[in-house]
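Asks: Counting in the numbering used here, the sequence shown runs from 2 upward without gaps.
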Amino acid sequence: MKLISFLLFTYSIDKSFTNARRLQSNGNNNGNGKNVFKEEMSTVEGEDVTCLFNEDFELGTLIIDEPGKYKLCEDIVFDPIQDKALPVTEMYLPDFNVYNENAYGMGFFAAIAISASNVEIYLNNHSIEQSASHALMQRFFAIIELANSPFLQSVGPAQFVGENGFQAASNILIQGPGKIGRSAHHGVHGNENQNITIRDVTFQDFEVAAVALNNVDNAIIEHNTILNNRHDVPVIGSFSAAAQISHYGKALKAMNFGMNLKGVFTTAEEVYNSLLAMIENTYFVVSRNKDSTFFEKKFPEEYFLFHNKNQVVDGPCYAFVIHGKGPAVGGFGFELAESTKMSSNIQISDNTIDNIKCWENEVPALIVDGVVQNDARGAMLQLIKSTSEDKFLAINDDGTYKRNPVADMQIMTAAAIQQGLLVDDPLLQTVVNTISPSIVEWASSSNNILTPHYRCNGDSMHHTIKGMNIIRVEDCEGFTISGNSINNIQNLSDEPFDNCSSYHLGASIEDTSTQVGSVRVISLAAVTGYVTGSQAKSQIAQNDLSNITGQIIIGIDIQGKSDSCFIDSNVFDESFLPRDNVEKSIAIRLREFVDSSVDGSQAIEIGPNNNIDETQIEMFNGSTDSEHMRKLAELHKKMNIGIEWKLGACPFGRR
């Protein structure tokens with residue numbers, strides 16, 4: 002069933018806007034409140050549209066905050082003008098006379114940010130991508146952001162929403178043919194949107210997801226092609242942690258701050274200079290396209306801390322994500338939320354998804370008094386690697402502190418916050434820091450011994466590890482996933498860390514195991530059927546799933562208190578048959594709490610035309626852990642939805 006009726010755009014285009022190409026929300030670029038665009042008009046289906054050129058992005062993010070139609074008139078590479086005289090950590094920072102300090106305080110988060118209603122973007126057989134160097138320095142990014150901020154109020158690793166409030170886009174069309182290319186996170190990302198259509202687009206070289214929409218009403222994602230996610234990611238999350246904490250180091254250097262580290266008095270200037278050198282050396286390797294052999298030989302410490310051995314994103318990855326209110330960084334949904342916090346009326350149809358590779362880099366999170374130890378930007382204070390013979394990063398095998406510039410600056414920043422020397426402001430926010438005084442004291446000493454306790458099943462920002470989920474829909478009323486071809490999916494994750502004192506408190510009730518090596522091709526949680534219309538049940542039909550590689554492989558996984566879905570005419574290849582080298586492979590799995598009653602009108606129904614037999618269907622009745630899948634704490638069975646974070650499901654330690 003095509004869900005077209007709710008996305009008929011009946012608005013009229015404001016013709017005057019086609020000549021007012023501007024960055025209006027924050028004041029402007031040329032002294033008169035307007036961004037200077039190349040004046041050229043063209044037509045799309047008889048309507049005037051605004052042509053977009055590379056020069057329109059020279060100052061940074063293109064902000065669209067009034068209705069209009071736009072098309073790419075050349076291939077766009079988002080690479081804002083840089084001041085080469087500045088350190089690499091500063092050369093891409095926005096001009097805060099132009100851009101809002103809250104929203105852009107951690108850099109340009111998008112190439113295009115749309116906060117208006119009734120906007121159409123035509124790719125016009127062109128491409129738009131983030132440059133490789135900007136993708137290195139700006140690790141959270143979307144080619145198109147459907148709001149004036151990537152996060153809601155009081156959500157995210159900083160306070161992103163300024164005095165104008167959160168402004169979400171609605172009635173948006175993103176139309177191919179054309180390509181949305183390299184992005185350090187998303188192709189298209191949004192929160193709180195309505196009436197979104199993404200059609201005939203080629204996606205390539207995104208790191209996290211082609212499309213991720215939270216709490217969206219009425220969305221069509223159809224006839225798109227994903228050629229591959231990004232397979233040349235040079236660094237892991239610790240590099241982003243280094244780049245972000247360096248800004249605090251610059252402030253501490255200006256204060257002439259100093260403290261003991263490993264028993265030796267050390268100035269912030271020394272640590273900042275060492276950290277900056279490591280970042281610039283890594284930037285040199287990436288910008289000059291040097292290989293890993295050169296990297297390891299020339300800069301061994303940088304290689305040890307930052308090198309990405311698998312060259313794909315070291316955290317969760319998807320093709321398409323539809324989620325409820327807030328970012329999709331916790332465990333899977335369990336119970337349906339109130340309607341204002343749920344997505345609804347979703348169609349993901351006739352897309353081709355190919356060649357997705359990821360690895361979940363489990364980062365053991367240090368726990369002190371039950372609190373995850375993260376820095377002022379939400380990154381873990383990482384003491385060890387989860388899998389490596391040479392695994393000690395910031396702790397020696399005798400329990401004493403081991404210095405490295407990233408950890409040193411995280412410790413210094415925490416100490417300065419505790420001393421009241423760093424005051425929270427939009428650019429250097431401090432509320433997120435949880436590194437405790439006892440850890441600062443330990444790192445200051447030459448011989449204090451720490452017996453660490455690690456919380457497992459989280460990544461470098463302590464997002465809940467969930468394995469790979471290619472199409473993920475949860476907290477949703479009414480959806481159709483049909484006619485999609487999903488091929489060549491590979492989970493490259495290592496075995497889980499095995500020295501865990503506890504496990505992520507944000508994990509799902511039903512997923513009481515580490516999830517690093519799992520692949521869910523179509524993942525559904527806390528979903529139900531349509532509220533209105535003739536079609537009652539949500540549909541998962543005529544999807545073709547093939548060539549899936551992982552430790553645990555599930556074709557269609559439905560969990561939480563889900564109901565009113567119909568699954569039929571899906572094609573599963575031999576990936577979903579039992580194999581010796583795979584811990585579990587199953588075509589369809591209905592989890593413990595779904596409604597699978599035989600004759601219930603709201604039941605999950607498996608139709609007769611899936612090309613599988615009953616041995617490939619699992620009706621889940623409790624844990625299926627193996628020796629390789631450690632149990633999480635019993636606490637999870639008693640929690641409704643375990644929340645690890647304080648500020649709306651994001652990387653903050655439980656407090």
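Just so you know, even glycine gets a beta-carbon here, dropped at the ideal spot from N, CA and C.
Check whether the Cβ atoms of residue 482 and residue 349 sit closer than 8 Å, and answer yes or no.
Replies: yes
Asks: Does the separation of the CB atoms of residue 185 and residue 144 fall below 8 Å?
Replies: no
Asks: Which ranges would you report for the beta strand (DSSP E) in the region 541–624 if only whole runs of at least 3 residues count?
Replies: Taking only runs of at least 3 residues, the beta strand (DSSP E) segments lying wholly in the region 541–624 are 545–550, 553–560, 566–569, 585–591, 605–607 and 618–620.
Asks: Near residue 576, which residues of its chain fall below 7 Å by C-beta distance, leaving aside the five closest residues on each side in sequence?
Replies: Cβ neighbours of residue 576 beyond the five flanking positions: 547, 548, 549, 554 and 586.
Asks: As an exercise, report each continuous alpha helix (DSSP H) stretch of at least 4 residues that is fully enclosed by the region 263–293, in chain order.
Replies: 269–288
Asks: From which residue to which residue does the alpha helix (DSSP H) around residue 478 run?
Replies: No alpha helix (DSSP H) holds residue 478; the beta strand (DSSP E) holding it covers 469–483.
Asks: Let me confirm a value: residue 12 is counted as buried when at least 16 other C-beta atoms fall within 10 Å, else exposed. Which label applies?
Replies: Since pLDDT at residue 12 reaches only 30, below the 50 mark, its modelled position is unreliable, and no value is offered.
Asks: Over what stretch of residues does the beta strand (DSSP E) that includes residue 120 continue unbroken?
Replies: Counted as a single uninterrupted DSSP element, the beta strand (DSSP E) harbouring residue 120 occupies residues 118–123.
Asks: Looking at residue 79 and residue 135, is the spacing between their C-beta atoms short of 8 Å?
Replies: yes
Asks: In whole angstroms, give me the CA-to-CA distance for residue 231 and residue 355.
Replies: 12 Å
Asks: Using 8 Å as the threshold, is the C-beta distance between residue 225 and residue 352 below it?
Replies: Result yes, Cβ atoms of residue 225 and residue 352 sit closer than 8 Å.
Asks: Alpha carbon to alpha carbon, what distance is there between residue 71 and residue 688?
Replies: Look at the range of the chain in this structure, 2 to 656, and you will see that residue 688 is not part of it.
Asks: What do you get for residue 340, buried or exposed, if any count of 16 or more other CB atoms within 10 angstroms of its CB means buried?
Replies: exposed
Asks: From residue 602 to residue 532, what does the alpha carbon distance come to, in whole angstroms?
Replies: 14 Å
Asks: Residue 455 by DSSP, collapsed to three states: which one?
Replies: strand
Asks: In the structure shown, what three-state DSSP assignment does residue 208 receive?
Replies: Three-state DSSP puts residue 208 in coil, outside helix and strand.
Asks: Do the region 463–473 and the region 312–325 make contact, defined as three or more Cβ pairs closer than 8 Å?
Replies: Two segments are said to touch when three or more pairs of C-beta atoms, one from each, lie closer than 8 Å; by this definition the region 463–473 touches the region 312–325.
Asks: Rounded to whole angstroms, what's the CA-CA distance from residue 381 to residue 463? Just pull it up for me.
Replies: 7 Å
Asks: According to DSSP, is residue 245 helix, strand or coil?
Replies: helix
Asks: Anyone know if the C-beta pair for residue 413 and residue 253 falls short of 8 Å?
Replies: The answer is yes: Cβ separation under 8 Å.
Asks: How would you call residue 310, buried or exposed, if buried means at least 16 neighbouring beta carbons within 10 angstroms?
Replies: Exposed: under 16 other Cβ atoms inside 10 Å.
Asks: Among 214, 92, 97 and 187, which one has its Cα closest to the Cα of residue 131?
Replies: 187
Asks: Is residue 538 closer than 8 Å to residue 501 when the C-beta atoms are compared?
Replies: no
Asks: Nearest to residue 209 by CA position, among 385, 338 and 330, is which residue?
Replies: 330
Asks: Taking just the CA atoms, how far does residue 596 sit from residue 114?
Replies: 40 Å
Asks: My assumption, with CB atoms under 8 Å, is that residue 458 sits in contact with residue 516. Please give the rounded CB distance.
Replies: 7 Å
Asks: Between the Cα of residue 266 and those of 388, 444, 308 and 507, spot the shortest distance and give me the residue it belongs to.
Replies: When each option's Cα is compared against that of residue 266, the closest is 444.
Asks: Using only the alpha-carbon positions, how far apart do residue 63 and residue 222 sit?
Replies: 23 Å
Asks: Start and end of the beta strand (DSSP E) containing residue 79?
Replies: 77–79
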